[in-house]
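S.K.: Numbering (the working numbering), first residue to last: 109 to 372.
Note that the Cβ used here is the ideal one computed from N, Cα and C, for glycine as well.
What follows is a structure written as structure tokens; I'll ask about it next.
Here you go:
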């Protein structure tokens, strides 16, 4: 189509076209170089270069081709569009449960998020991702850490406590009751350490927020599945600022667990 959308569609229909234009923004290249770089035939590259020339995206320099300023602008714009779509593809599966504040961050923030989603053949991917982050941290605070997320990490958590890492967990009374009843000796040993604190709150958000050094973790637990469905982690300062504020607002209202709630 003879339209802007038509030009975008032309570039997007074959992956080698964006790759070719990007290569020509770096430096002049011959047709043979472009064939080797993209893995397409000589005839395909010839047609592509002819289309680029017709659009004034490239020009000849001797026996080589190089991008014009118009071509450089188009290549940059396509790269930005691809980055945007890559970020959107990562978030589309978790968009419906994201906190409003997080979904309202800039597009550049989205691209800096690592999204790990539970798949039918890999249901523990989010938990395994969280465990790998937990093993490396020197500080750890978590608001609404679901049992499904924390139970597989008990040994890592206990090792952090032994290493004098300061840890605070804010969760519902029922969560603490589960751990004290399921792991009575280990739980008692943990809560008797000065660097380990558990607090209770009755009205927590539907998602979890973890603060690990400079990393922020946002987790989502699906009640009917019994598993952690997704985990987002990022070190973007604006997300960290939001997470700190959210955590502090609940910490100020949280209370230590009572003996009755532990043995309920």
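#1: Helix or strand or just coil, what does DSSP make of residue 205?
#2: Among the residues of its own chain, which have a CB less than 7 Å from the CB of residue 351, if the five just before and after it don't count?
#3: Under 7 Å Cβ to Cβ from residue 165, same chain only, skipping five residues before and after it: list those, please.
#4: What distance in whole Å lies between the Cβ atoms of residue 321 and residue 224, which are believed to be in contact at a cut-off of 8 Å?
#5: What is the residue span of the alpha helix (DSSP H) that residue 324 lies within?
#6: Indicate the three-state DSSP secondary structure (helix, strand or coil) for residue 168 in the structure shown.
#7: In this structure, what does DSSP give as the bridge partners for residue 315?
#8: Under three-state DSSP, which class holds residue 181?
#9: Per DSSP, residue 222 is paired with what?
#10: To the nearest angstrom, report how far apart residue 190 and residue 299 are at their CA atoms.
#11: Does any residue of chain C bring its CB to less than 8 Å from the CB of residue 304?
#12: Just to confirm the assignment, what range does the beta strand (DSSP E) spanning residue 266 have?
#13: Can you grab the Cα-Cα spacing for the pair residue 340 / residue 234, in whole Å?
#14: If you draw a straight line from the C-alpha of residue 184 to the C-alpha of residue 353, how long is it?
#15: So, with DSSP's three-state summary, where would you put residue 111?
#16: Is there contact here, the segment 329-338 with the segment 241-261, by at least three beta-carbon pairs under 8 Å?
#17: Could you compute how far the alpha carbon of residue 134 sits from the alpha carbon of residue 204?
#18: Mind reading off the beta-carbon distance from residue 115 to residue 163? Whole number of angstroms is fine, and I expect it under 8 Å.
#19: What are the residues that DSSP puts in a beta bridge with residue 175?
#20: Under the three-state reduction of DSSP, which class applies to residue 154: helix, strand or coil?
#21: When you compare only the Cα positions, how much space is there between residue 309 and residue 196?
M.R.: Reading off the structure:
#1: Of the three classes helix, strand and coil, the one that applies to residue 205 here is helix, per DSSP.
#2: Excluding sequence positions up to five before and after residue 351, its CB lies within less than 7 Å of the CB of 317, 319 and 324, all in the same chain and listed in chain order.
#3: Taken in chain order, the residues that qualify are 129, 175, 176, 178, 179 and 182.
#4: The beta carbons of residue 224 and residue 321 sit about 18 Å from each other, so the pair does not count as a contact at 8 Å.
#5: Here residue 324 belongs to no alpha helix (DSSP H); instead the beta strand (DSSP E) covers 323-330.
#6: It is a strand residue.
#7: Bridge partners of residue 315: 328.
#8: Of the three classes helix, strand and coil, the one that applies to residue 181 here is helix, per DSSP.
#9: Answer is 341, bridged to residue 222.
#10: Between the C-alpha atoms of residue 190 and residue 299 there is a straight-line separation of about 48 Å.
#11: Protein chain content of the structure displayed is limited to a single chain, and chain C is not contained in it.
#12: Per DSSP, residue 266 lies in no beta strand (DSSP E) segment; the continuous alpha helix (DSSP H) that holds it begins and ends at 262-270.
#13: The straight-line gap from Cα to Cα measures roughly 8 Å.
#14: Roughly 36 Å between the two C-alpha positions.
#15: Note: residue 111 maps to coil in three-state DSSP.
#16: In short, these stretches touch, since the Cβ pair count reaches three.
#17: Looking at the two C-alpha atoms, the distance is approximately 40 Å.
#18: With a Cβ gap of about 7 Å, residue 115 and residue 163 count as contacting.
#19: 166.
#20: In the structure shown, residue 154 sits in a helix (DSSP, three-state: H, G or I).
#21: Roughly 34 Å between the two C-alpha positions.
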